[in-house]
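One structure below.
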Amino acid sequence: MPAAPGRNAIEVRSVSKLFGTGEAQVAALDNVSVAIRENEFFTLLGPSGCGKTTLLRLIAGFDYPTEGEILLYGQDIAPLPPFKRPVNTVFQSYALFPHMTVGQNIGFGLEMLGKPKAEVEARVSAMLKLVRMEALKDRRTSQISGGQQQRVALARALAPQPKVLLLDEPLSALDYKLRKEMQIELKRLQNETGITFIFVTHDQEEALTMSDRIAVMSSGRILQVGSPWDIYDRPAERFVADFIGDSNFLPAAVGAIENGIARVKLLSGAEISATVAEGYQPKAEATVAIRPEHTTAVRTGGQLPGSVENVVYLGTDTHIHIKLDSGGNFTVRQQNMRSQSCGFEVGERVGIQIAANAAQVLKD
Amino acid sequence: MTSAAEIVTQVERDDVRARWLLSAPALLIIFFAAIGPLFVMLAYSVMVKGDYGDVRFGELSLDGWFSVLFQRDIFDDTIGLADAHLSIFWRSVKLSLITTLVTLALGFPTAYFIATRPPHTREVWVFLVTIPFWTNLLIRTFAMQEVIRNEGILNTLMIRLGVIDQPIQLMYTDAAILFGMVYVYLPLMVLPLYASMEKLDFRLVEAGYDLYATRLRVLWRIIIPLVRPGIVAGSILVFIPSLGAYVIPRVLGGGKSMMLGNLIELQFGAGRNWPLGAAISITLMAMVMLALLVYVRNAARSGAQHG
Chain U
1 MPAAPGRNAI EVRSVSKLFG TGEAQVAALD NVSVAIRENE FFTLLGPSGC GKTTLLRLIA
61 GFDYPTEGEI LLYGQDIAPL PPFKRPVNTV FQSYALFPHM TVGQNIGFGL EMLGKPKAEV
121 EARVSAMLKL VRMEALKDRR TSQISGGQQQ RVALARALAP QPKVLLLDEP LSALDYKLRK
181 EMQIELKRLQ NETGITFIFV THDQEEALTM SDRIAVMSSG RILQVGSPWD IYDRPAERFV
241 ADFIGDSNFL PAAVGAIENG IARVKLLSGA EISATVAEGY QPKAEATVAI RPEHTTAVRT
301 GGQLPGSVEN VVYLGTDTHI HIKLDSGGNF TVRQQNMRSQ SCGFEVGERV GIQIAANAAQ
361 VLKD
Chain D
1 MTSAAEIVTQ VERDDVRARW LLSAPALLII FFAAIGPLFV MLAYSVMVKG DYGDVRFGEL
61 SLDGWFSVLF QRDIFDDTIG LADAHLSIFW RSVKLSLITT LVTLALGFPT AYFIATRPPH
121 TREVWVFLVT IPFWTNLLIR TFAMQEVIRN EGILNTLMIR LGVIDQPIQL MYTDAAILFG
181 MVYVYLPLMV LPLYASMEKL DFRLVEAGYD LYATRLRVLW RIIIPLVRPG IVAGSILVFI
241 PSLGAYVIPR VLGGGKSMML GNLIELQFGA GRNWPLGAAI SITLMAMVML ALLVYVRNAA
301 RSGAQHG
């Protein structure tokens, strides 16, 4: 699908959604703004109750925003009913029609759009081929497996060629192996169809592997939008750093900043270099986040002294939990080698070596 | 000494006897309360009628069955169709069908409304639907009469409002019976419909909207097919008692608009023709069986769909 890069497929402008009235009123979405580009695999990531599904339902048209606008290619769709929006949804429970066959399910949208029978037939066949389900066209939806139902739900939503496809935690009901397979499958489908995907999940791994960009949500707000790399390596807030992957948080004083790198003084007195967001000003009391895999435990030297509290062997790597002399805990993650064990004993004195620029100063 | 084989046969025999003994109470009830009376009715329908009601035992005749549909002319003994009976049959079937359709049209939105309320409120609505059952049918029917009679609430109100000059004659018409039956049988339609709709997955409705189906199309293509078992059950529950209705046509239809129930009562009462009454009763039962057959077949089909 040729398109000017960077065109916005969906633009959410200052959208709020309130549920209930009076005292019991809760804001499921609190002044949310986000732009989703054409042909993008965009993920809304957050814990349950963060508002990600509410935002998806507003885009689909099942609910209407209390305030704000939702633009689809520049046109405000917020007041339109769902059947007038060129947007289709893959539901968490799949919501396949139990009284129809696989083929009838896939053709339903096209039929409702008033397409001629021959066209519907051709498109259903093409869709079945796309999701590799040709043999099951005349089966009832209750006669196929969960993974197959998932594919039918995808084919049904893709058949009318929507401008945007919404996916509401579609993989959560599948087992691990199947989920991995479907992640690759989804990415392939997105590449082949060129449709903008908006994917909702609480699974950080799913979000990191599939997305072009991710929006991390919490308590009805979007905390950070960026590429998987941005989100993982440059978390803006403590919540983001904590929710995605593991992080060590240390209190620190932020000194001189140059080219996005700050000199940061830790409680132990050691000075390390840390990345900061644009426009950040030096500050006496701040927090830095450090990923466990960007640090190593050493017997001599290191910026942070402490003693080993626990050693956890995890196959691919080993987690070393360390009690810091300056107070607090720190986790170091070291890749295991076949030839040698990590060799630390509980109670042993160690130093923590932090790689250059491995720390990120958090906004507070 | 008894051989092992003998012990086994003895145990099996005891087992069979125990089973018969255990099921005896149920079998007795079924025989005396359900099957037995049917045979009595069948026997009465093929005997000669007594002069003052009852039958003459031992004298067999098919006159009762003959009179269900035919009659002999008093003067020239020619055989013709019993027009009076046929018109009563026709009225019964017609009014029952219309009652079923009207209760379906009124009950469907009602059930849908209840099913889409929050779970706690639903119970209150279902409770409200069942309130009419607390009052005796006869009393409710007389109350109905108070509403629709010439000097009743409805006519008085319409005359006061200037909608009409003369009261509309509703009592003793088919419309009055219809009115009464719709009122009385409506809950029997609403409850099974609600039971079906409560199980309906409303995400399927959302999926329908999402796939460009308008509200009307979602209703036809998704909701109605999925709640069909409820529609069939409700229709049967309304149609069967309507067909045999007695009190409502008696009070609201008077002697002018009779239904099958009244015709049967007439044969056992003033008509003194018990064989005919028995024959019509069995005919009514056959009609009900036919309706049930349709129901079972439909339910089986829709059941297979949801597998």
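Chain order of the listed sequences is U and D.
Under full-length UniProt numbering, the first residue of the first sequence is numbered 1, with each subsequent residue one higher.
Under full-length UniProt numbering, the first residue of the second sequence is numbered 1, with each subsequent residue one higher.
Even for Gly, the Cβ is constructed at its ideal location relative to N, Cα and C.
These figures come from a predicted structure and were not determined experimentally.
Contained alpha helix (DSSP H) runs [length at least 4] in the segment 104-136 of chain D, N- to C-terminal order: Taking 4 residues as the shortest admissible run, the segment 104-136 of chain D contains the following complete alpha helix (DSSP H) segments, listed from N- to C-terminal end: 119-130.
Between which two residues does the beta strand (DSSP E) containing A289 (chain U) stretch? K283 to I290
L204 (chain D) touches chain U at which residues, Cβ-Cβ below 7 Å? A95 and F97
If contacts are defined as beta-carbon pairs under 8 Å, then V346 (chain U) and V311 (chain U) qualify, I think. What distance do you get, rounded to the angstrom? 7 Å
Please check if any C-beta of chain D sits within less than 8 Å of the C-beta of G109 (chain U). yes
Strictly under 8 Å for the Cβ-Cβ distance: is N88 (chain U) near chain D by that measure? Yes, N88 (chain U) counts as interfacial toward chain D.
Evaluate residue 388 (chain D) with the Cβ neighbour count: other Cβ atoms within 10 Å of its Cβ, from every protein chain shown; 16 or more gives buried, anything less gives exposed. Residue 388 (chain D) is absent from the model: chain D starts at 1 and stops at 307.
Anything in chain D within Cβ reach of L18 (chain U), meaning under 8 Å, just list it in chain order. By Cβ distance, chain D contributes nothing, its closest Cβ being about 18 Å from L18 (chain U), past 8 Å.
Do you know whose CA, among D:D174, D:T110, D:M259 and D:T9, lies nearest L186 (chain D)'s CA? Its Cα nearest to that of L186 (chain D), the residue D:T110 stands out among D:D174, D:T110, D:M259 and D:T9.
Taking P81 (chain U) as the query, report the chain D residues whose CB atoms sit under 9 Å from its CB, ordered along the chain. Y209, T214 and R215
Can you give the beta carbon distance from N262 (chain D) to R272 (chain D), rounded, assuming they're within the 8 Å contact cut? Actually they do not touch by this definition, with Cβ atoms about 16 Å apart.
With which residues is P251 (chain U) paired in a DSSP beta bridge? Looking at the DSSP output, P251 (chain U) shares a beta bridge with U:T287.
Do the CB positions of F108 (chain U) and R156 (chain U) come within less than 8 Å of each other? It is a contact, given that the beta carbons lie within the stated cut-off.
So for V296 (chain D), helix, strand or coil by DSSP? helix
Assigned exposure category for H202 (chain U) - 16 Cβ within 10 Å defines buried: buried
Per DSSP, Y212 (chain D) forms a beta bridge with which residues? None, per the DSSP bridge assignment.
Using only the alpha-carbon positions, how far apart do L178 (chain D) and R91 (chain D) sit? 11 Å
Just mark M182 (chain U) as buried or exposed, buried being the case when its beta carbon has 16 or more other beta carbons within 10 Å. buried
Based on DSSP bridge pairs, tell me the residues matched to K17 (chain U). U:L29
How far does the alpha helix (DSSP H) with M127 (chain U) in it reach, from first residue to last? K117 to L130
List the residues of chain D whose Cβ lies closer than 7 Å to the Cβ of F62 (chain U), in chain order. E206
Taking CB distances under 8 Å as the criterion, tell me whether M289 (chain D) reaches chain U. Answer no: the Cβ-Cβ gap between M289 (chain D) and chain U never drops below 8 Å.
Quick test of your reading: L95 (chain D) and M259 (chain D), contact by CB under 8 Å. State the CB separation rounded to the nearest angstrom. 7 Å
So which residues on chain D does L113 (chain U) lean against when the C-beta distance must stay under 8 Å? Y212
Coil, strand or helix - D168 (chain U) by DSSP: strand
Kindly list the residues whose CB is nearer than 6 Å to the CB of A284 (chain U), restricted to its own chain and excluding five residues on each side of it in sequence; keep chain order. A253
Same chain only: Cβ atoms within 6 Å of Q267 (chain D), ignoring 5 sequence neighbours per side: N273, L276 and G277
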